[in-house]
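Protein sequences, first through last, are from chains A and B. Everything in the first sequence is counted per the working numbering, starting at 1 for the first residue and increasing by one. Everything in the second sequence is counted per the working numbering, starting at 481 for the first residue and increasing by one. Glycine included, C-beta positions come from ideal geometry on N, C-alpha and C.
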Amino acid sequence: MKKKLLSTVLSVAMLATALAGCGSSDAATTDSAASGDAAADTAAEAPADTAADAPADAQADAVTTVGDANGTHMECWSFVEAHNTFYAQMVEKWNAANPDRTIEITFTTYPYSDMHTKLLTSLTAGTGAPDICDVEMGQVPNVYEGLDTWLYPLTDAMAPYAGDMLTSRLDAYKGADGKQYGAPFHVGATVMYWNMAVLEEAGITQADVDAVVTWDDYNALGEKYLDAIGRPEGKYFTSVDTAGVDWMWIAMAEYGEDWTGGHNGTANVELDSVKKMLTMQQGWINSGFAQTSPDGHVDLEAGFQNILDHNIVSFPKAMWFMSRFTNYMPEEKGNWYITKCPVFEEGQTCSVGIGGTGTVVTQQSVDKELAADFLCYAKMSAEGETTIWNDLGFDVCNTALWSDDAFAHDDSNQYNTFFRNYPYDVLNEIKDDIGTILTVKISPTINEQFCNVTLNDILENGVDVETALQTAQGVIALEQ
Amino acid sequence: MKIKKFLYSQKVAPYVFVLPFILSFLLFWIYPLCSTVVMSFQDIGPAMTEWVGFKNYQKLLKDTTFHTAIINSFQYMVLTLVLLIPFPMLYAVLIDSRLVKAKGFWKACLYVPALTSVVISGTLFRLMFSEYQTGQLNVITSALGLGTFKWLKVKATGLFALVLVCCWRWTGVNMLYFISGLKSIDTALYESADIDGASATQKLRYITIPLLKPTIIYVLTISIYAGLSMFMESYMLWAGPDSPNNIGLTIVGYLYKRGITKNDLGYGSAIGLVLLAIALVINIVQLILNGTFKKEER
Numbered sequence: 001m002k003k004k005l006l007s008t009v010l011s012v013a014m015l016a017t018a019l020a021g022c023g024s025s026d027a028a029t030t031d032s033a034a035s036g037d038a039a040a041d042t043a044a045e046a047p048a049d050t051a052a053d054a055p056a057d058a059q060a061d062a063v064t065t066v067g068d069a070n071g072t073h074m075e076c077w078s079f080v081e082a083h084n085t086f087y088a089q090m091v092e093k094w095n096a097a098n099p100d101r102t103i104e105i106t107f108t109t110y111p112y113s114d115m116h117t118k119l120l121t122s123l124t125a126g127t128g129a130p131d132i133c134d135v136e137m138g139q140v141p142n143v144y145e146g147l148d149t150w151l152y153p154l155t156d157a158m159a160p161y162a163g164d165m166l167t168s169r170l171d172a173y174k175g176a177d178g179k180q181y182g183a184p185f186h187v188g189a190t191v192m193y194w195n196m197a198v199l200e201e202a203g204i205t206q207a208d209v210d211a212v213v214t215w216d217d218y219n220a221l222g223e224k225y226l227d228a229i230g231r232p233e234g235k236y237f238t239s240v241d242t243a244g245v246d247w248m249w250i251a252m253a254e255y256g257e258d259w260t261g262g263h264n265g266t267a268n269v270e271l272d273s274v275k276k277m278l279t280m281q282q283g284w285i286n287s288g289f290a291q292t293s294p295d296g297h298v299d300l301e302a303g304f305q306n307i308l309d310h311n312i313v314s315f316p317k318a319m320w321f322m323s324r325f326t327n328y329m330p331e332e333k334g335n336w337y338i339t340k341c342p343v344f345e346e347g348q349t350c351s352v353g354i355g356g357t358g359t360v361v362t363q364q365s366v367d368k369e370l371a372a373d374f375l376c377y378a379k380m381s382a383e384g385e386t387t388i389w390n391d392l393g394f395d396v397c398n399t400a401l402w403s404d405d406a407f408a409h410d411d412s413n414q415y416n417t418f419f420r421n422y423p424y425d426v427l428n429e430i431k432d433d434i435g436t437i438l439t440v441k442i443s444p445t446i447n448e449q450f451c452n453v454t455l456n457d458i459l460e461n462g463v464d465v466e467t468a469l470q471t472a473q474g475v476i477a478l479e480q
Numbered sequence: 481m482k483i484k485k486f487l488y489s490q491k492v493a494p495y496v497f498v499l500p501f502i503l504s505f506l507l508f509w510i511y512p513l514c515s516t517v518v519m520s521f522q523d524i525g526p527a528m529t530e531w532v533g534f535k536n537y538q539k540l541l542k543d544t545t546f547h548t549a550i551i552n553s554f555q556y557m558v559l560t561l562v563l564l565i566p567f568p569m570l571y572a573v574l575i576d577s578r579l580v581k582a583k584g585f586w587k588a589c590l591y592v593p594a595l596t597s598v599v600i601s602g603t604l605f606r607l608m609f610s611e612y613q614t615g616q617l618n619v620i621t622s623a624l625g626l627g628t629f630k631w632l633k634v635k636a637t638g639l640f641a642l643v644l645v646c647c648w649r650w651t652g653v654n655m656l657y658f659i660s661g662l663k664s665i666d667t668a669l670y671e672s673a674d675i676d677g678a679s680a681t682q683k684l685r686y687i688t689i690p691l692l693k694p695t696i697i698y699v700l701t702i703s704i705y706a707g708l709s710m711f712m713e714s715y716m717l718w719a720g721p722d723s724p725n726n727i728g729l730t731i732v733g734y735l736y737k738r739g740i741t742k743n744d745l746g747y748g749s750a751i752g753l754v755l756l757a758i759a760l761v762i763n764i765v766q767l768i769l770n771g772t773f774k775k776e777e778r
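Here's what the structure looks like:
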């Protein structure tokens with residue numbers, strides 16, 4: 001009898017270890033594969049996912065439940081813990097304001113690629129998806145592809161706030177059927193960052209910077225700066241990206257073009273705006289006016305160091321780059337000045353929304369209407385937007401707040417005091433000039449081709465702009 | 481009583497013991513393999529899955545990025561074979577000989593890299609190879625008066641970085657295989673060779689290498705597959721599956737990009753099967769040439 005018991009125990013133990021072995025090795029691989037991406041996106045809204053800042057966030061999952069235990073229970077997933085912390089605060093506010101429709105939400109934070117893979121799998125399977133889920137801009141084409149079979153349109157829920165929201169930003173989170181599926185965190189408006197402290201040493205005043213309207217003006221000011229400092233080796237006016245397409249987006253927005261061709265169109269990267277921008281940048285590289293950004297773009301460790309070393313004194317980037325200053329370059333406080341971006345021809349649109357998180361409500365939600373109402377309240381109401389600006393430091397989409405003095409000029413907000421001017425003053429100035437480049441099914445292919453091949457060919461290897469764009473078009477056409 | 485009879489039956493017992501393995505093999509190997517074959521002929525969309533025949537494979541033929549990935553993986557595999565078989569073997573022979581003192585120390589030194597996480601070491605190597613002037617290697621090259629390099633933006637230096645990470649990581653592991661191979665060689669052979677007046681090189685040439693052949697073939701076989709399926713090192717070195725001009729793109733890196741990042745599992749499956757076919761062909765040819773399939777001569 002003892003023998004029998006022993007053999008049974010042993011067999012069970014063997015089976016268990018065999019299976020446990022499989023499980024743990026699986027987990028190990030996915031974890032490590034994901035951490036790169038997670039790191040890239042924690043610091044968060046970077047559009048080119050090559051970034052690798054903030055390795056701290058690739059940690060294990062965090063799960064918390066917040067709200068009224070008697071209310072409707074829901075699930076919410078995110079890939080950034082700070083986002084979930086923000087939603088949790090909003091749950092409390094929602095319950096206080098809506099005692100008859102209270103909710104309780106369990107928040108789970110997963111690493112970036114794990115979360116999106118899980119979401120896609122559960123949406124495909126038709127079961128297991130959360131009620132509310134963050135979707136990063138780069139993954140928007142994959143998730144929004146399921147349209148209203150997967151996702152619940154937010155059109156009705158956002159009606160109370162839609163009037164104040166920046167429409168160009170809402171458009172970025174619409175599906176191919178024109179319905180609104182995602183709620184945005186921020187505009188991500190591109191602006192120009194200037195190191196005024198260094199420019200002043202070279203005899204350039206704030207008035208000179210304000211006078212820059214076109215890229216020609218920008219060029220002239222840059223030459224003046226370089227002449228003043230005697231063109232030493234390793235010092236440039238700006239750096240251009242070989243692993244990011246922000247500059248191309250700015251150029252397209254200025255001319256009102258879009259290389260994706262929209263949801264049902266055909267992609268075309270051989271646009272005049274793109275050619276103009278690339279020709280200008282290639283000229284800058286050849287003349288020593290600009291360098292290529294170390295490691296590919298400015299939103300990386302080497303990029304921060306380059307800024308700290310004052311090797312470059314100006315660059316265009318989205319508003320959310322402000323948090324990189326406060327997090328990684330605190331010693332630059334008081335040095336930087338923000339203005340709108342230069343344009344090719346006067347009167348053009350001078351900004352474009354870049355990056356972002358389009359939070360969705362899934363069709364699998366226990367109470368879709370309630371989930372949508374809460375989500376829109378959290379991300380679009382004045383209370384929600386104030387919390388977003390103070391805690392997450394994003395340029396919010398609710399334009400009514402932009403001119404509200406208590407909001408935009410609040411000196412207890414670290415972003416309001418870090419720079420030489422108030423960020424929202426710049427936003428107000430460009431309010432009607434923020435363009436949109438859609439992120440559709442072909443977008444990842446275009447980004448990949450540009451960041452890997454085209455930009456490197458043109459800016460590093462000196463390949464002719466027309467030739468490089470023709471090659472890119474060929475590769476992209478294969479995917480259409 | 482029947483149960484007891486069943487449990488003590490000599491016929492059944494072996495099957496019970498191998499059952500856990502068979503089950504996990506079927507569940508985690510055979511099922512995914514078959515399903516990959518099926519999926520490679522499908523276009524897997526969000527709402528429906530469509531049968532597309534050989535379309536995925538036809539696209540692979542035209543896909544220049546995939547060709548770059550194959551070339552990269554192949555070059556990497558060849559370089560790792562050239563470096564990761566002779567050198568570990570040499571170190572194993574040295575450590576096994578009387579020439580080296582503090583053997584445990586050297587063994588540990590060479591083996592420790594295999595225990596570190598690729599995520600951490602990859603990140604460290606990426607920072608070391610940074611093109612910025614404060615990158616470790618640029619500090620060294622500038623001190624030597626060679627100027628700075630854009631290490632991870634140029635094919636030659638990028639491949640160098642990859643192979644360096646690989647050698648740093650796997651030399652110790654391969655060396656352990658060879659040491660265990662050496663231990664199984666009968667010392668009497670060396671003694672009789674000594675009596676016959678053989679030199680050290682002759683002993684290496686006529687005794688050590690021929691008797692290490694099974695180990696060499698084993699290491700060669702796994703290295704071919706490991707080389708072709710490398711992903712992690714490149715993923716960490718370039719902080720993602722993307723690299724300038726695709727210099728760091730490998731077959732599995734491309735599979736990850738298409739299958740997972742772009743959610744095109746049908747195309748990803750086709751890439752995976754092509755990798756399987758390439759690895760199988762190379763290894764079968766290699767094993768035939770080495771005479772592994774010949775009947776053992778006694």
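Counting the other Cβ atoms within 10 Å of the Cβ of Val313/A gives 16 or more, which makes it buried. Residues of chain A with a Cβ closer than 8 Å to the Cβ of Tyr612/B are, in chain order, Pro294, Asp295, Ala302, Gln305 and Asn306.
Non-local C-beta neighbours of Ser351/A in its own chain, meaning closer than 8 Å and more than five positions away in sequence, comprise Ala189, Thr190, Val191, Ile250, Ala253, Lys340, Cys341, Ile430, Asp433, Ile434 and Gly435, ordered along the chain. A residue is called buried when at least 16 other Cβ atoms come within 10 angstroms of its Cβ; Lys485/B does not meet this threshold and is exposed. Using a Cβ-Cβ cut-off of 8 Å, Ser577/B does not count as an interface residue toward chain A, since no Cβ of chain A sits closer than that to its own.
Using beta-carbon distances, Val352/A does not count as an interface residue toward chain B, since no partner is under 8 Å. Residues of chain B with a Cβ closer than 8 Å to the Cβ of Pro444/A are, in chain order, Thr741 and Lys742. Any Cβ of chain A closer than 8 Å to the Cβ of Lys482/B would place that residue at the interface, and such an atom is absent.
Between Leu123/A and Trp150/A, the gap from beta carbon to beta carbon is short of 8 Å.
Per DSSP, reduced to three states, the secondary structure at His547/B is helical. Leu563/B and Gln555/B have their C-alpha atoms spaced approximately 12 Å apart. Beta-bridge analysis with DSSP links Asn335/A to no other residue. In this structure, the straight-line span from the alpha carbon of Asp148/A to that of Gln364/A is close to 11 Å. Spatial neighbours of Trp247/A in its own chain (CB-CB distance under 8 Å, excluding positions within 5 residues in sequence) are listed in chain order as Val240, Asp241, Met277, Gln281 and Pro316. Taking C-beta atoms as the reference points, Thr730/B and Ser553/B count as a pair closer than 8 Å. Distances from the alpha-carbon of Val140/A to those of Gln449/A, Ala125/A, Asp156/A and Leu119/A put Leu119/A closest.
For Glu332/A, not one C-beta of chain B is nearer than 8 Å to its own C-beta. With a contact defined as Cβ atoms closer than 8 Å, Asn286/A and Ser723/B miss out at about 25 Å. In the structure shown, Cys76/A adopts extended strand secondary structure according to DSSP, grouped into three states. The Cβ of Pro494/B sits no closer than 8 Å to any Cβ of chain A. Leu271/A is outside the set of residues whose beta carbon lies under 8 Å from a beta carbon in chain B. The C-beta of Asn725/B comes closer than 8 Å to at least one C-beta of chain A. If you draw a straight line from the Cα of Ala408/A to the Cα of Leu392/A, it is about 15 Å long.
In this chain, the beta strand (DSSP E) harbouring Thr64/A covers Ala62 to Gly67. In the DSSP assignment, Glu104/A falls within the unbroken beta strand (DSSP E) covering Ile103 to Thr109. Nearest CB-CB separation between Lys485/B and chain A: not below the 8 Å threshold. Between Ser403/A and Asn428/A, the gap from beta carbon to beta carbon is short of 8 Å. Contact check between the segment 89-97 of chain A and the segment 374-389 of chain A: three or more CB pairs, one atom from each, fall below 8 Å, which counts as touching.
Contact annotation, Pro184/A with Met319/A: C-beta distance approximately 13 Å; criterion of less than 8 Å not satisfied. With a threshold of 8 Å between beta carbons, Asp674/B makes no contact with chain A. The continuous alpha helix (DSSP H) containing Asp208/A extends over residues Gln206 to Asp210. Cys350/A carries a coil assignment under DSSP once its states are collapsed to helix, strand and coil. For the segment 452-463 of chain A, the beta-carbon criterion of a distance under 9 Å to any beta-carbon of chain B is satisfied by Asn452, Val453, Leu455, Asn456, Asp457, Glu460 and Asn461. Approximately 11 Å separates the beta-carbon atoms of Val653/B and Ala572/B; this is outside 8 Å, ruling out the contact. Residue pairing for Ser314/A: DSSP places it in a beta bridge opposite Trp194/A. For Glu530/B, the enclosing beta strand (DSSP E) begins and ends at Thr529 to Trp531.
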